[in-house]
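So the structure is just underneath, and the comments pick up after that.
2 protein chains.
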Amino acid sequence: MSQPGAKPKSAITPTRAEDYPEWYLQVIRAAELAENSPVRGCMVIKPWGYALWENIQRDLDALFKETGHVNAYFPLFIPVSYIRKEAAHVDGFAKECAVVTHSRLEAGPDGKLVPGGELEEPLIVRPTSETIIGETYAKWVQSYRDLPILINQWANVVRWEMRTRLFLRTAEFLWQEGHTVHATEAEAVEETHRMLEVYADFAENYMAMPVIKGRKTEGERFPGAVDTLCIESMMQDRKALQAGTSHHLGQNFAKSCNIQFQDALGVQQFAHTTSWGVSTRLIGGMIMTHSDDDGFVAPPRLAPQHVVICPIYKDEVGKADILAYCQSLQKELSAQRFHDRKVVVTVDNRDIRGGDKAWGWIKKGVPLRVEVGPRDFAAGSVFVARRDTGEKAGVPRVEFVATLVQRLQAIQDNLLARAKAHRAANTRVIDTWDELKAYFTAKNPERPEVHGGFALCHWNGSKEVERRLKEELKVTIRCIPLDAKDEPGKCVVTSEPSPRRVVMAKAY
Amino acid sequence: MSQPGAKPKSAITPTRAEDYPEWYLQVIRAAELAENSPVRGCMVIKPWGYALWENIQRDLDALFKETGHVNAYFPLFIPVSYIRKEAAHVDGFAKECAVVTHSRLEAGPDGKLVPGGELEEPLIVRPTSETIIGETYAKWVQSYRDLPILINQWANVVRWEMRTRLFLRTAEFLWQEGHTVHATEAEAVEETHRMLEVYADFAENYMAMPVIKGRKTEGERFPGAVDTLCIESMMQDRKALQAGTSHHLGQNFAKSCNIQFQDALGVQQFAHTTSWGVSTRLIGGMIMTHSDDDGFVAPPRLAPQHVVICPIYKDEVGKADILAYCQSLQKELSAQRFHDRKVVVTVDNRDIRGGDKAWGWIKKGVPLRVEVGPRDFAAGSVFVARRDTGEKAGVPRVEFVATLVQRLQAIQDNLLARAKAHRAANTRVIDTWDELKAYFTAKNPERPEVHGGFALCHWNGSKEVERRLKEELKVTIRCIPLDAKDEPGKCVVTSEPSPRRVVMAKAY
Numbered sequence: 023m024s025q026p027g028a029k030p031k032s033a034i035t036p037t038r039a040e041d042y043p044e045w046y047l048q049v050i051r052a053a054e055l056a057e058n059s060p061v062r063g064c065m066v067i068k069p070w071g072y073a074l075w076e077n078i079q080r081d082l083d084a085l086f087k088e089t090g091h092v093n094a095y096f097p098l099f100i101p102v103s104y105i106r107k108e109a110a111h112v113d114g115f116a117k118e119c120a121v122v123t124h125s126r127l128e129a130g131p132d133g134k135l136v137p138g139g140e141l142e143e144p145l146i147v148r149p150t151s152e153t154i155i156g157e158t159y160a161k162w163v164q165s166y167r168d169l170p171i172l173i174n175q176w177a178n179v180v181r182w183e184m185r186t187r188l189f190l191r192t193a194e195f196l197w198q199e200g201h202t203v204h205a206t207e208a209e210a211v212e213e214t215h216r217m218l219e220v221y222a223d224f225a226e227n228y229m230a231m232p233v234i235k236g237r238k239t240e241g242e243r244f245p246g247a248v249d250t251l252c253i254e255s256m257m258q259d260r261k262a263l264q265a266g267t268s269h270h271l272g273q274n275f276a277k278s279c280n281i282q283f284q285d286a287l288g289v290q291q292f293a294h295t296t297s298w299g300v301s302t303r304l305i306g307g308m309i310m311t312h313s314d315d316d317g318f319v320a321p322p323r324l325a326p327q328h329v330v331i332c333p334i335y336k337d338e339v340g341k342a343d344i345l346a347y348c349q350s351l352q353k354e355l356s357a358q359r360f361h362d363r364k365v366v367v368t369v370d371n372r373d374i375r376g377g378d379k380a381w382g383w384i385k386k387g388v389p390l391r392v393e394v395g396p397r398d399f400a401a402g403s404v405f406v407a408r409r410d411t412g413e414k415a416g417v418p419r420v421e422f423v424a425t426l427v428q429r430l431q432a433i434q435d436n437l438l439a440r441a442k443a444h445r446a447a448n449t450r451v452i453d454t455w456d457e458l459k460a461y462f463t464a465k466n467p468e469r470p471e472v473h474g475g476f477a478l479c480h481w482n483g484s485k486e487v488e489r490r491l492k493e494e495l496k497v498t499i500r501c502i503p504l505d506a507k508d509e510p511g512k513c514v515v516t517s518e519p520s521p522r523r524v525v526m527a528k529a530y
Numbered sequence: 023m024s025q026p027g028a029k030p031k032s033a034i035t036p037t038r039a040e041d042y043p044e045w046y047l048q049v050i051r052a053a054e055l056a057e058n059s060p061v062r063g064c065m066v067i068k069p070w071g072y073a074l075w076e077n078i079q080r081d082l083d084a085l086f087k088e089t090g091h092v093n094a095y096f097p098l099f100i101p102v103s104y105i106r107k108e109a110a111h112v113d114g115f116a117k118e119c120a121v122v123t124h125s126r127l128e129a130g131p132d133g134k135l136v137p138g139g140e141l142e143e144p145l146i147v148r149p150t151s152e153t154i155i156g157e158t159y160a161k162w163v164q165s166y167r168d169l170p171i172l173i174n175q176w177a178n179v180v181r182w183e184m185r186t187r188l189f190l191r192t193a194e195f196l197w198q199e200g201h202t203v204h205a206t207e208a209e210a211v212e213e214t215h216r217m218l219e220v221y222a223d224f225a226e227n228y229m230a231m232p233v234i235k236g237r238k239t240e241g242e243r244f245p246g247a248v249d250t251l252c253i254e255s256m257m258q259d260r261k262a263l264q265a266g267t268s269h270h271l272g273q274n275f276a277k278s279c280n281i282q283f284q285d286a287l288g289v290q291q292f293a294h295t296t297s298w299g300v301s302t303r304l305i306g307g308m309i310m311t312h313s314d315d316d317g318f319v320a321p322p323r324l325a326p327q328h329v330v331i332c333p334i335y336k337d338e339v340g341k342a343d344i345l346a347y348c349q350s351l352q353k354e355l356s357a358q359r360f361h362d363r364k365v366v367v368t369v370d371n372r373d374i375r376g377g378d379k380a381w382g383w384i385k386k387g388v389p390l391r392v393e394v395g396p397r398d399f400a401a402g403s404v405f406v407a408r409r410d411t412g413e414k415a416g417v418p419r420v421e422f423v424a425t426l427v428q429r430l431q432a433i434q435d436n437l438l439a440r441a442k443a444h445r446a447a448n449t450r451v452i453d454t455w456d457e458l459k460a461y462f463t464a465k466n467p468e469r470p471e472v473h474g475g476f477a478l479c480h481w482n483g484s485k486e487v488e489r490r491l492k493e494e495l496k497v498t499i500r501c502i503p504l505d506a507k508d509e510p511g512k513c514v515v516t517s518e519p520s521p522r523r524v525v526m527a528k529a530y
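Next up, the structure:
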């Protein structure tokens with residue numbers, strides 16, 4: 023039986039406790055999820071990481087379609103004249119964007135290739151598409167009968183970030199951006215909330231990543247939005263990750279792009295628009311929520327592969343029998359479905375050391391690892407290792423086949439429960455500045471690398487307090503939870519009145 | 023019964039006979055497939071057109087995976103230094119590409135936004151990704167054990183085309199590009215052929231678009247390839263459309279990108295690579311192969327929607343009954359599968375004129391249109407119109423439900439047969455220059471707008487003949503068919519010896 027031999031301290035070096043940011047990068051490396059590309063700030067999403075994105079896309083896309091949306095595709099380039107129309111928007115995105123100025127390369131004086139064919143008007147590579155899509159919608163919308171428009175786009179976008187980090191912040195990333203147009207404010211607000219619910223459902227029930235649904239403060243809103251809703255999740259280092267946003271854009275973009283319609287009474291009106299998006303950042307969130315010191319842990323609903331079967335034989339004599347046993351097992355398992363997706367099972371028959379093989383799959387986060395050796399073959403059993411808990415046990419083959427779906431669901435449930443417990447353990451109601459300061463600056467003796475978490479505090483609603491939190495504690499107001507109950511209190515910084523608590527945290 | 027009333031000459035103006043290029047654009051417009059965007063050369067793919075692309079993606083992706091490929095994602099940008107490494111490649115793509123030179127916009131002297139933050143090295147927006155992917159592969163490949171690499175990417179690419187045409191030639195388009203690395207030339211050649219077969223299978227059996235599998239002449243090869251295989255299809259105006267290409271790149275890119283591996287004997291070797299791609303151009307091919315003077319005709323396997331049910335009632339009394347009848351019919355039809363895809367059925371209950379409604383769906387190309395009026399309701403029947411042939415007939419409801427899949431398959435088969443017959447009728451064996459010239463220049467009295475077709479001719483293998491064909495007849499050698507039988511003959515231009523016939527045609 024080639025169980026992983028003497029267990030090293032951990033398969034990933036450093037561990038979370040030793041150096042969380044570096045651990046994150048090493049998990050990505052060990053699982054072959056992505057790597058930095060030679061192009062500054064852009065990543066290569068490797069097949070195992072891209073398979074996660076394909077699964078995210080497929081499931082989210084189904085949820086979008088269930089809520090009445092269709093997909094379309096709009097241009098990669100935005101004329102500078104469009105982007106500048108919405109003042110807040112241009113402020114938000116002009117500072118870091120890729121600008122296309124030429125339409126060819128030509129031989130320069132020294133034979134080097136240099137840009138040629140200068141464009142009359144520079145184009146920027148879309149950092150987000152409100153403006154280019156808005157200009158198009160303005161042509162499509164004439165009458166209230168043309169509304170609502172409920173369109174989503176799967177696309178790449180570029181923001182020239184200076185400090186990049188695989189999946190969390192890259193110059194180019196993949197995302198979806200929904201852009202909808204409505205006749206009334208009420209409908210637009212309803213849409214904004216509907217899509218936030220879709221994101222929350224997806225985060226919790228597919229990614230096993232619990233989230234707080236909330237509203238951003240004015241200072242943290244999307245540039246050009248009237249209201250930004252978000253889902254915020256806690257990573258294992260207790261920092262917050264904004265995992266998705268849904269914006270009520272009011273009539274701001276309708277006015278800058280001139281999206282007008284004639285209502286049922288014949289009156290010309292500006293429309294109300296929304297936009298909402300999630301990106302490959304979700305993969306970063308998934309990694310930081312579930313992975314451990316042995317590598318990535320994939321939630322079964324999104325795992326590229328659910329089960330790997332490793333045949334173990336000592337000689338050629340047993341080989342044929344054991345391989346046949348593994349292949350028929352693969353067939354029985356693959357015939358099953360887990361949440362409307364075919365269970366993906368491979369047999370790893372590579373000729374490498376059993377320990378290396380096992381650790382390889384552990385680091386890749388496959389939910390269930392099955393080993394079949396001569397004794398299992400003789401007994402009609404399988405040896406099953408569960409990735410999330412590390413539990414290992416011999417199980418009659420028939421029983422394993424019959425309980426596969428339950429086992430996968432148990433892992434999915436455990437990951438969510440574990441993440442919820444982690445968040446609960448690291449969320450504190452705090453009422454004084456001293457305590458808040460200690461919470462975010464004092465070292466935690468048990469895990470010196472981390473401190474703080476989510477602080478539920480009163481806030482006077484001012485930008486000045488937000489500025490002070492940021493400067494003195496590197497903390498931001500992540501959101502005003504949508505389900506926050508009315509609870510009059512005093513601002514944790516100024517002691518001024520506050521109607522309810524908000525979530526404060528350090529964030530990615 | 024709101025059948026389309028007195029049939030106008032055609033739903034699309036102009037007809038194919040009147041002005042084929044303009045007919046093509048009007049079909050796209052009427053079916054709401056795409057439109058030109060405000061950004062020069064870029065198109066907006068509208069929901070109905072994008073649904074076609076989604077179906078193409080899903081089915082092709084499954085075929086790629088069945089042949090052992092996985093997906094990944096590489097950067098949008100390519101440093102100029104990379105693209106120039108392969109000499110033929112840079113010649114092919116440098117002349118029309120989007121060049122990013124700056125990383126932000128800043129306020130200029132007159133307050134206008136101008137490019138700022140000039141990059142040290144300009145980047146081009148990928149026109150194709152051999153170079154950037156090759157540079158990455160060079161790091162991944164060390165040993166023969168790392169081979170083969172079988173990766174595909176779904177992406178957008180940009181080529182700064184001057185004359186654009188929706189779907190057929192746009193500055194930005196969507197495509198897939200496979201990039202594989204192999205230890206031996208034989209394996210790379212095998213891969214090139216394997217993927218050509220996948221494309222041919224897809225074109226014929228999914229798109230119902232017959233293709234000729236062939237090899238490009240040296241002059242028509244992909245820049246940097248050793249061999250380019252292609253599938254060529256005939257459009258209704260008898261012009262050829264190159265619908266997909268599969269390139270054997272030999273060791274050209276392996277050398278320029280330095281993809282080396284140690285073989286089993288410990289010897290360092292350059293790898294052999296391939297690339298292959300199809301794009302949103304396929305949608306243009308589908309439109310031009312099947313559509314008629316009444317609009318788009320979607321092949322059922324890729325149709326965004328298979329059936330539309332239009333309830334027809336005169337008063338509120340019958341309305342509820344007829345609607346319920348339609349909805350239960352929708353349910354029965356939607357429960358079925360056509361080629362592993364759920365049958366998509368909608369009930370169109372919009373309050374618009376019946377004739378407008380029917381013509382709307384005809385122009386959108388939905389394979390089966392069902393109308394249910396009071397008499398159908400009373401008789402337990404449906405009135406079914408078939409898009410490809412225009413046939414209309416009352417059918418017992420039970421029978422329609424039971425024969426749905428056969429009906430869709432009959433349409434699929436008919437479209438392919440029709441396209442094959444069209445190609446056969448417009449393919450000619452030609453042995454003299456006079457006949458060739460007449461074929462491609464003489465007007466066809468029956469359809470004055472078109473002439474020519476596919477000419478099967480002998481060719482001496484020279485570029486000079488290709489040049490003359492292009493200059494004098496605007497004709498190119500589309501391909502040397504892979505199944506061309508050895509048939510010694512004389513070049514149609516020079517009378518020099520030729521080993522087999524090639525396909526000559528005007529082309530998109």
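Order-wise, the sequence lines are chains E and P.
Positions 23 to 530 (my numbering) are the ones given, in order, by the first sequence.
Positions 23 to 530 (my numbering) are the ones given, in order, by the second sequence.
Glycine included, C-beta positions come from ideal geometry on N, C-alpha and C.
Can you list, in chain order, the residues of its chain with a C-beta nearer than 7 Å to that of residue i? Leave out the 5 residues immediately preceding and following it.
i: residue 140 of chain E; result: 123 and 124
By Cβ distance, which residues of its chain are closer than 6 Å to residue i, with the 5 residues on each side in sequence left out?
i: residue 25 of chain P; result: Unreliable positioning characterises residue 25 of chain P in this predicted model, as indicated by a pLDDT of 47, which lies under 50. The coordinate reading is nonetheless provided below. Result list for residue 25 of chain P: empty, nothing under 6 Å.
i: residue 367 of chain P; result: 329, 352, 355 and 356
Just to confirm, are residue i and residue j a CB contact at a threshold of 9 Å?
i: residue 527 of chain P; j: residue 500 of chain P; result: yes
i: residue 394 of chain E; j: residue 305 of chain E; result: no
i: residue 227 of chain P; j: residue 176 of chain P; result: no
i: residue 71 of chain E; j: residue 52 of chain E; result: no
So the beta strand (DSSP E) residue i belongs to, where does it begin and stop?
i: residue 408 of chain E; result: 403 to 408
i: residue 176 of chain P; result: 171 to 180
i: residue 200 of chain E; result: 194 to 204
i: residue 298 of chain P; result: 294 to 301
Given that a residue counts as buried once 16 or more other Cβ atoms are within 10 Å of its Cβ, and exposed if not, what is residue i?
i: residue 236 of chain E; result: buried
i: residue 132 of chain P; result: exposed
i: residue 456 of chain E; result: exposed
i: residue 474 of chain E; result: buried
i: residue 184 of chain P; result: exposed
i: residue 249 of chain P; result: buried
i: residue 534 of chain E; result: Nothing about residue 534 of chain E can be reported from this structure: the residues present for chain E run from 23 to 530 only.
i: residue 365 of chain P; result: buried
i: residue 374 of chain E; result: exposed
i: residue 97 of chain E; result: buried
i: residue 286 of chain E; result: exposed
So the alpha helix (DSSP H) residue i belongs to, where does it begin and stop?
i: residue 343 of chain E; result: 338 to 356
i: residue 446 of chain E; result: 419 to 447
**Message:** Taking beta-carbon pairs under 9 Å, can you tell me which members of the region 92 to 119 of chain P lie near chain E?
**Reply:** From the region 92 to 119 of chain P, only 92, 93, 94, 95, 96, 97, 98, 99, 100, 101, 102, 103, 104, 105, 106, 112, 115, 116, 117, 118 and 119 have a Cβ closer than 9 Å to chain E.
**Item:** Chain-ordered residues of the region 168 to 189 of chain E with a beta carbon less than 8 Å from chain P
**Value:** For the region 168 to 189 of chain E, the beta-carbon criterion of a distance under 8 Å to any beta-carbon of chain P is satisfied by 173, 177, 178, 180 and 182.
**Item:** Where the region 146 to 161 of chain E meets chain P: residues whose CB sits under 9 Å from a CB there
**Value:** Within the region 146 to 161 of chain E, the qualifying residues are 146, 147, 154, 155, 157, 158 and 161.
**Request:** Taking only beta carbons into account, state which residues of the region 122 to 139 of chain E come closer than 7 Å to chain P, listed in chain order.
**Result:** The region 122 to 139 of chain E vs chain P, Cβ under 7 Å: 122, 123, 124, 125, 126, 127, 135 and 137.
**Message:** Give me the subset of the region 43 to 70 of chain E whose CB atoms are less than 7 Å from a CB atom of chain P, sorted by chain position.
**Reply:** 59, 60, 61, 64, 66, 67, 68 and 69: these are the residues of the region 43 to 70 of chain E whose beta carbon lies less than 7 Å from some beta carbon of chain P, given in chain order.
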